[in-house]
Amino acid sequence: MMHGVFVLNKPLGMTSQQAVTRVKRLLQARKAGHTGTLDPNVAGVLPVLLGSATRLSDYVMESEKAYLATAWLGSSTDTQDHTGRVLAVSDATHLGDHEIRDALSTFLGVTMQIPPIYSAIHVAGRRAHELARAGQSVVLEAREMVVHEITLQQITRRADSLLVNFSVRCGKGTYVRTLCHDLGVKLGVPAHMFELTRTKSGPFSLADAHSFDELERGLASLVRPTEDAVPALPKLTVAKDALHMIFHGAPLFLTDAFAAGQGVAFHVDRIIGIRVCDELVALYRVRENEGDMWRLTAHKVLVQQGVE
0 MMHGVFVLNK PLGMTSQQAV TRVKRLLQAR KAGHTGTLDP NVAGVLPVLL GSATRLSDYV
60 MESEKAYLAT AWLGSSTDTQ DHTGRVLAVS DATHLGDHEI RDALSTFLGV TMQIPPIYSA
120 IHVAGRRAHE LARAGQSVVL EAREMVVHEI TLQQITRRAD SLLVNFSVRC GKGTYVRTLC
180 HDLGVKLGVP AHMFELTRTK SGPFSLADAH SFDELERGLA SLVRPTEDAV PALPKLTVAK
240 DALHMIFHGA PLFLTDAFAA GQGVAFHVDR IIGIRVCDEL VALYRVRENE GDMWRLTAHK
300 VLVQQGVE
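Numbering (numbering that gives the first Met the number 0), first residue to last: 0 to 307.
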């Protein structure tokens with residue numbers, strides 16, 4: 000069974016699930032899953048976890064994302080992107096570069112955002128976009144969003160509108176098309192998202208991503224090791240004799256000296272990656288200690304029958 004991560008540069012025009020299904024077929028993987036939905040009209044980095052690596056999906060999904068976006072200032076739509084029905088049109092050419100740059104900077108830090116009604120958020124057991132397309136009223140509550148960095152890249156001036164290209168690095172759950180819409184609100188003009196590319200998802204960037212064409216040429220070597228999905232986690236290598244205990248989720252008892260010898264420090268509740276034979280086989284949580292001996296309990300066991 001294949002385990003690891005394939006970082007896809009998702010093309011436009013397909014859903015994330017369609018992309019995962021195609022990767023799974025090309026690699027003949029038994030199990031695969033993505034780590035955060037990209038809409039069909041969004042391209043870019045889509046990490047696809049394979050085999051036991053799917054158990055790490057929450058770590059990648061919770062990590063920050065980065066995007067290159069283009070906002071169209073001068074018209075708004077009901078979906079907040081270019082696929083929707085136009086709601087309002089207004090001249091935006093009076094806006095100066097400094098005004099746009101200043102407006103973008105107001106999104107920095109922790110702010111509140113009302114998600115778009117054409118989204119996958121659940122409302123009374125159904126997706127919000129299903130209710131919206133059925134003509135039902137949808138009211139979504141504002142949610143906290145975190146923007147770590149936002150930078151104006153380019154402004155293209157047209158007859159009565161502006162295309163504003165900017166990069167943004169943000170936390171999970173940030174809707175960039177809503178950010179584009181809200182940019183227009185701050186500037187007093189209608190706006191929507193014209194283009195969007197995800198340039199980073201967790202530890203993976205566009206430089207790490209590959210196309211379907213490469214996969215179709217049989218380049219299975221592009222599948223990365225499972226532990227690449229969690230580079231920030233401290234990791235310890237233990238003897239192969241410990242595999243039997245790990246497979247059964249048994250606790251491990253390790254000393255401060257053992258951890259320090261591999262550059263790791265124990266403290267209560269810290270998650271540690273456990274390696275055997277250079278492969279990540281489990282995540283363990285540090286519990287209590289007695290002297291310099293610590294008890295670690297299984298948090299996620301990634302393999303069941305040996306290291307493949």
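Note that beta-carbon positions come from the ideal geometry of N, C-alpha and C, so glycine has one too. Keep in mind it's a predicted model, so treat the numbers as computed, not measured.
| In the stretch 174 to 210, which residue ranges form an unbroken beta strand (DSSP E) of at least 3 residues, counting only runs that do not cross its ends? | 190 to 200
| request: Determine the DSSP secondary structure at S15, reduced to helix, strand or coil. | output: For the purposes of this step, residue 15 is taken as residue 16 along the sequence shown, with counting starting at 1. S15: helix per DSSP, three-state reduction.
| Would you say L55 and V229 are within 7 Å of each other, going by their C-beta atoms? | Position 56 of the sequence shown, counted from the start, is the residue given in the question as residue 55. Position 230 of the sequence shown, counted from the start, is the residue given in the question as residue 229. Their beta carbons are under 7 Å apart, which means L55 touches V229 by this criterion.
| query | Is the stretch 227 to 243 touching the stretch 176 to 190 in the sense that three or more CB pairs, one from each, lie closer than 8 Å? | reply | no
| request: Note down, in chain order, each residue of its chain lying with its Cβ closer than 8 Å to the Cβ of E215, except the 5 sequence neighbours on either side. | output: Position 216 of the sequence shown, counting from 1, holds the residue named residue 215. Excluding sequence neighbours, E215 sits near L25.
| message | Taking only three categories from DSSP, how would you classify L139? | response | Position 140 of the sequence shown, counted from the start, is the residue given in the question as residue 139. L139: coil per DSSP, three-state reduction.
| With which residues is T150 paired in a DSSP beta bridge? | One-based indexing of the sequence shown puts residue 150 at position 151. Note: T150 sits in a beta bridge opposite S166.
| request: Assign D150 to one of two classes, buried (16 or more other C-beta atoms within 10 Å of its C-beta) or exposed (fewer than that). | output: Here residue 150 corresponds to residue number 151 of the sequence shown, with the count starting at 1. Here residue 150 is Thr; the residue named in the question, Asp, does not match the sequence. The residue in question, T150, is exposed, as its Cβ has fewer than 16 Cβ neighbours within 10 Å.
| Got a sec? Which residues, its chain only, sit under 6 Å from R126 by beta carbon, not counting five neighbours each side? | The residue you call residue 126 lines up with position 127 of the sequence shown. Closer than 6 Å at the Cβ level, and outside the excluded window around R126, lie A119.
| request: Use the C-beta contact count for T105: other C-beta atoms within 10 angstroms, 16 or more gives buried, fewer gives exposed. | output: Residue 105 sits at position 106 when you count from the first residue of the sequence shown. Per the 10 Å Cβ criterion, exposed.
| Are L161 and A258 closer than 7 Å when you measure CB to CB? | Working through the sequence shown from its first residue, we reach residue 161 at position 162. Working through the sequence shown from its first residue, we reach residue 258 at position 259. Cβ atoms of L161 and A258: not closer than 7 Å.
| query | What number of angstroms, rounded off, separates the C-alpha of T78 from the C-alpha of V267? | reply | Here the question's residue 78 lines up with position 79 in the sequence shown. Here the question's residue 267 lines up with position 268 in the sequence shown. Between T78 and V267, the C-alpha separation is close to 46 Å.
| query | Is L37 helix, strand or coil when you go by DSSP? | reply | Within the sequence shown, numbered from 1, the residue matching residue 37 stands at position 38. DSSP places L37 in coil when its eight states are reduced to three.
| query | Do you know how far the Cα of L195 is from the Cα of Q153? | reply | Taking the sequence shown and counting its residues from 1, the one referred to as residue 153 is at position 154. Taking the sequence shown and counting its residues from 1, the one referred to as residue 195 is at position 196. About 14 Å.
| Can you tell which of R142, A219 and Y283 has its C-alpha closest to the C-alpha of Q112? | Here residue 112 is taken as the residue at index 113 of the sequence shown, counted from 1. Q112 has its Cα closest to that of R142, out of R142, A219 and Y283.
| request: Can you give me the Cβ contacts of L205 inside the same chain, cut-off strictly under 7 Å, excluding the 5 residues immediately before and after it? | output: Stepping through the sequence shown from its first residue, residue 205 is reached at position 206. Cβ within range, chain order: N8, G43, V44 and T198.
| For A264 versus Y283, is the C-beta spacing smaller than 7 Å? | Residue 264 sits at position 265 when you count from the first residue of the sequence shown. Residue 283 sits at position 284 when you count from the first residue of the sequence shown. No.
| Own chain, CB closer than 7 Å to A219, minus 5 neighbours either side, in chain order | For the purposes of this step, residue 219 is taken as residue 220 along the sequence shown, with counting starting at 1. Excluding residues within five positions, the ones whose Cβ falls inside 7 Å are L26.
| field | Under the three-state DSSP convention, the category Y283 falls into | value | Numbered from 1 along the sequence shown, position 284 holds the residue referred to as residue 283. Of the three classes helix, strand and coil, the one that applies to Y283 here is strand, per DSSP.
| Roughly how many whole angstroms lie between the Cα atoms of P250 and L103? | Residue numbering aside, residue 250 sits at position 251 when the sequence shown is read from its first letter. Residue numbering aside, residue 103 sits at position 104 when the sequence shown is read from its first letter. In a straight line, the C-alpha of P250 is about 49 Å away from that of L103.
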